[in-house]
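In the UniProt record's numbering, the protein residues as written are 1 to 172. We treat Cβ as the ideally placed atom computed from N, Cα and C, and that holds for glycine. Computed from a predicted model, the values in this text were never measured in an experiment. Quick notes on the structure that follows.
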Amino acid sequence: MVREEVARECPAHRPPTVDALGKLKLLNMLLLETLRLYCPITFIQRKTSSGTILANIEVPKGTIMSIPLLMLHRDKEVWGPDADEFNPMRFQSGVSRDTKLSRALLAFSYGPRVCAGQNFAMVEVQIVIATILRSFSFSLSPSYVHKPSNFVTLLPRYGLPLIVRNLQQLTG
Numbered sequence: 001m002v003r004e005e006v007a008r009e010c011p012a013h014r015p016p017t018v019d020a021l022g023k024l025k026l027l028n029m030l031l032l033e034t035l036r037l038y039c040p041i042t043f044i045q046r047k048t049s050s051g052t053i054l055a056n057i058e059v060p061k062g063t064i065m066s067i068p069l070l071m072l073h074r075d076k077e078v079w080g081p082d083a084d085e086f087n088p089m090r091f092q093s094g095v096s097r098d099t100k101l102s103r104a105l106l107a108f109s110y111g112p113r114v115c116a117g118q119n120f121a122m123v124e125v126q127i128v129i130a131t132i133l134r135s136f137s138f139s140l141s142p143s144y145v146h147k148p149s150n151f152v153t154l155l156p157r158y159g160l161p162l163i164v165r166n167l168q169q170l171t172g
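Encoded structure:
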């Protein structure tokens, strides 16, 4: 489905345009779901600038708060009973409408400390994926073992062995 969308909106004879990228709804949903389950950072820390009350708990000024993104992004109360499953369709109405908390996807943080490169990163990865999908197909190697490892970022513990096929050689 994503390959067909890319082929329709980003013809092989020209580079993807900003307008074309804006029409790649399925690819965007796939990227958002990937960021939800395998976010580049696993937690966010903030220091309170003033005293506040959270969930009936007094939090003094200067308190360091941690948000465990791996837990938030897989919370069944927020994302539904299939929170542990890869389901890009959960974003078909947009990020803020498809969850009980409109700001629950924090892969790039939120508010005044949001990642300044968020939009650039999303456009860049869309261009790269769209360009690659026009020429190649990918499947997981039978040797792949799904075991995420949490170092500074979340990554596959044993690598990500892929089988890559050149689509031009298959059709030509």
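* **Segments of 3+ residues assigned as beta strand (DSSP E) that fall wholly inside the stretch 126–152** => 136–140 and 148–150
* Asked: Can you give the Cα-Cα distance for L167 and R103, rounded to whole angstroms?
  -> Taking the sequence shown and counting its residues from 1, the one referred to as residue 167 is at position 167. Taking the sequence shown and counting its residues from 1, the one referred to as residue 103 is at position 103. When rounded, the distance between both Cα atoms is 39 Å.
* To do: Express the C-alpha separation of A55 and T42 in angstroms, rounding to a whole number.
  => Within the sequence shown, residue 42 is the residue found at index 42, counting from 1. Within the sequence shown, residue 55 is the residue found at index 55, counting from 1. The straight-line gap from Cα to Cα measures roughly 23 Å.
* **Pick from I44, A83, L105 and K76 that is closest to I64, judged by C-alpha positions** => Reading the sequence shown from its first residue, position 64 is the one you call residue 64. Closest by alpha carbon: I44.
* From L30, C10 and V18, pick the residue whose C-alpha is nearest to that of N120; which is it? -> Along the sequence shown, read from residue 1 onward, the residue named residue 120 stands at position 120. Note on residue identity: the sequence assigns Phe, not Asn, to residue 120. The shortest C-alpha separation from F120 is found at V18.
* Asked: Any idea which residues DSSP pairs I163 with across the strands?
  -> Indexing the sequence shown from 1 puts residue 163 at position 163. I163 is bridged to S139.
* **Per-residue DSSP class, three states only, for Q45** => Against the sequence shown, residue 45 aligns to sequence position 45. The answer is strand: DSSP assigns Q45 an E or B state.
* **Residues of its chain near L133, where Cβ-Cβ distance is below 6 Å and the 5 sequence neighbours each way are ignored** => Walking along the sequence shown from the start, residue 133 turns up at place 133. Closer than 6 Å at Cβ, skipping near neighbours: R3 and V6.
* Asked: Using the C-alpha atoms, what's the distance from K76 back to L101?
  -> In the sequence shown, residue 101 corresponds to position 101, counting from 1. In the sequence shown, residue 76 corresponds to position 76, counting from 1. Their backbone Cα atoms lie some 12 Å apart in a straight line.
* **Cβ shell of L24 (< 7 Å), same chain only, five flanking positions each side left out** => For the purposes of this step, residue 24 is taken as residue 24 along the sequence shown, with counting starting at 1. Excluding sequence neighbours, L24 sits near E5, V6, E9, Q126 and A130.
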